[in-house]
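Peer 1:
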Amino acid sequence: MIEVLRSGPLTTVQDLGRFGLRHLGISQAGVLDPIAFRQGNLMLGNPENAAVLEVSVGPLFLRFTAPCRIVLTGVDFAGSISNPNAPTTQQVLPGHPTAIATGSTLSLLRPAIAGAKGYLAVSGGIDVPLLLGSRSTDLNNRFGGLNGRALQAGDYLPLSRQAPPQPGLNTLVRSFAPSHVLRALPGPDYDLFDDDAHQQFWMQPWGISHQSNRMGMRLKGRRLDLLQPVNLLSAGVLPGDVQVPNDGLPIILANDAQTIGGYPRIASVIQADLWQLAHMSPNTSVYFQPVSHAIAVAAKLHQSQYFERLSEQLQQARQAD
C-alpha cells in the first residue's frame, strides 16, 4: 500500500488508456508518454500495462507500507528516499530500479523542466479497479484511477501482487529527450487552408501556451486562415489531430481530448511522436515537419523494435545476475 502524504495538483493513476470506445464518447486517457511508461514497467518486470503514477507538478510525498521496487522515468523530479531506520537520505537515480523498505518516504520535489511529466512505476503496478479495460484516470468524466480524480493527501493506493517479483538490476535506462519537432501528415481538411497558412504551419516555430493541458496543446504564432469560411459537420477526432479553431491558432489534441469535433484539421501528428506532448512546456517552441505515411509507419516500427531489444537485454541481465 502507498499512502499519499502530499500531492501536487495533477498526479494521476494512468496506464496506456482506453481504446475502441470512442464511438461511445469515451476518451482515450492514459499516459502522455507511453515510452517512459513502458520503460518503467519493463525495468521492473511488470505486466506491460501495469498502472503507474503520472506526475505533472511537485512536490509529491509518498509513504510505503510494504517493501517494493520503483523506477522513475520521464523528466527528473529530484527524487529521494528517507527511511526512519537509516541516517541519511538516498537519492533516486532516474531510470534505475530502486528498492523501497517498509516505512520509507519517497519525495519528488520539482521537475527539471517545468511542465514536463514524470512517471513512477512500482513493482506489480498500482491496483486500482479496472474500468472499461483500463485503470487510467479520466479527469473530464471523473471515473477510473482513484475515484476519477487527481491524488490528494490522505489517499491510499493498493499495489498488485499478481506479478512475481523480479531480481534487482544494476541497469539504467535513459528517458528519451524530446526534439520539439513533431512529424505530421496533412490532415483531412488541409486543402481548406490557403497557401500562406500551409507555409506558416510548416515553417514557423509555434509557442506552447499556458492554456495547454491533457486535453490539448494550444499553440501561439501567426494565425492560419482558410480559403473561405466553412461550416463543417462534427467528425471523429484522435490524439495527435491538429485542429484550427476560429482564432486561427492550432490545438494539438492530446489523450483527454473530446472524441468528435467540428474545427478544421490541418494535420495529424504521427503516433511515434505523440510522446513528446508530455514534455511540451509553456513558452517553449515546437516545429511541425511534413512526412509521408511510409515514414510514419517506419517510425512506429522503429519504436517497437527498440522495446523488443530492451526487453531482451533486460531478460539477459536478469539471467546473468
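Using the working numbering, the first residue of the sequence shown is number 717, and each one after it goes up by one.
Ideal Cβ placement from N, Cα and C applies to all residues, glycine included.
Is Q1032 helix, strand or coil by DSSP?
Peer 2: helix
Peer 1: Out of E1028, V946, S997 and V1007, which has the shortest C-alpha to C-alpha gap to G978?
Peer 2: V946
Peer 1: Under three-state DSSP, which class holds V1007?
Peer 2: It is coil, neither helix nor strand.
Peer 1: Closest to L737 by C-alpha separation, out of Q1035, I986 and I976, would be which residue?
Peer 2: I976
Peer 1: Can you tell me the Cβ-Cβ gap for L824 and L888, rounded? I've got them flagged as a contact below 8 Å.
Peer 2: At roughly 18 Å, the Cβ-Cβ gap does not stay under 8 Å, so L824 and L888 are not in contact.
Peer 1: Label H739 either buried or exposed according to how many other C-beta atoms from any shown protein chain fall within 10 Å of its C-beta, with 16 as the threshold for buried.
Peer 2: exposed
Peer 1: Can you look up K936 in the DSSP assignment and give me helix, strand or coil?
Peer 2: DSSP, reduced to helix, strand and coil, places K936 within a strand of the structure shown.
Peer 1: From the DSSP output, in three-state form, read off V946 for me.
Peer 2: coil
Peer 1: Going by DSSP, what residues sit across from E770 in a beta bridge?
Peer 2: Per DSSP, the beta bridge partners of E770 are T728 and Y835.
Peer 1: Quick check on the burial criterion: 16 or more other C-beta atoms within 10 angstroms. Buried or exposed for R858?
Peer 2: exposed
Peer 1: Tell me the rounded alpha-carbon separation between S925 and L721.
Peer 2: Distance between the alpha carbons of S925 and L721 is about 31 Å.
Peer 1: By a C-beta neighbour count over all protein chains shown, 10 Å radius and 16 as the cutoff for buried, is G746 buried or exposed?
Peer 2: Buried: at least 16 other Cβ atoms inside 10 Å.
Peer 1: Are the beta-carbon atoms of M717 and P874 separated by less than 7 Å?
Peer 2: yes
Peer 1: Taking 7 Å as the threshold (C-beta atoms), are P783 and A837 in contact?
Peer 2: no
Peer 1: For Y872, which of helix, strand or coil comes out of DSSP?
Peer 2: Looking at Y872 - three-state DSSP - the assignment turns out to be strand.
Peer 1: When DSSP labels each residue in this structure, what does L898 get in the three-state scheme?
Peer 2: strand
Peer 1: State the Cα-Cα distance for the pair T781 and L848, rounded to the nearest angstrom.
Peer 2: 29 Å
Peer 1: Can you tell me where the alpha helix (DSSP H) holding G756 begins and where it ends?
Peer 2: P750 to L760
Peer 1: May I ask you to list the residues that DSSP assigns as paired with G719?
Peer 2: The sequence given here places Glu at residue 719; Gly does not occur at that position. R779 and Y872, per the DSSP bridge assignment.
Peer 1: Given that a residue counts as buried once 16 or more other Cβ atoms are within 10 Å of its Cβ, and exposed if not, what is P961?
Peer 2: exposed
Peer 1: Could you work out which residue in S1001, D972 and Q868 is closest to M919 when comparing CA atoms only?
Peer 2: Answer by Cα proximity: S1001.
Peer 1: Is DSSP giving V701 helix, strand or coil here?
Peer 2: Because the chain here runs from 717 to 1037, residue 701 falls outside it and cannot be looked at.
Peer 1: Please report the straight-line C-alpha distance between G860 and E770, rounded to a whole angstrom.
Peer 2: Pairing G860 with E770, the inter-Cα distance amounts to about 14 Å.
Peer 1: Which residues share a DSSP beta bridge with F859?
Peer 2: According to DSSP, which records beta bridges pairwise, F859 is partnered with D854.
Peer 1: Tell me whether S950 is buried or exposed, calling it buried when 16 or more other Cβ atoms sit within 10 Å of its Cβ.
Peer 2: exposed
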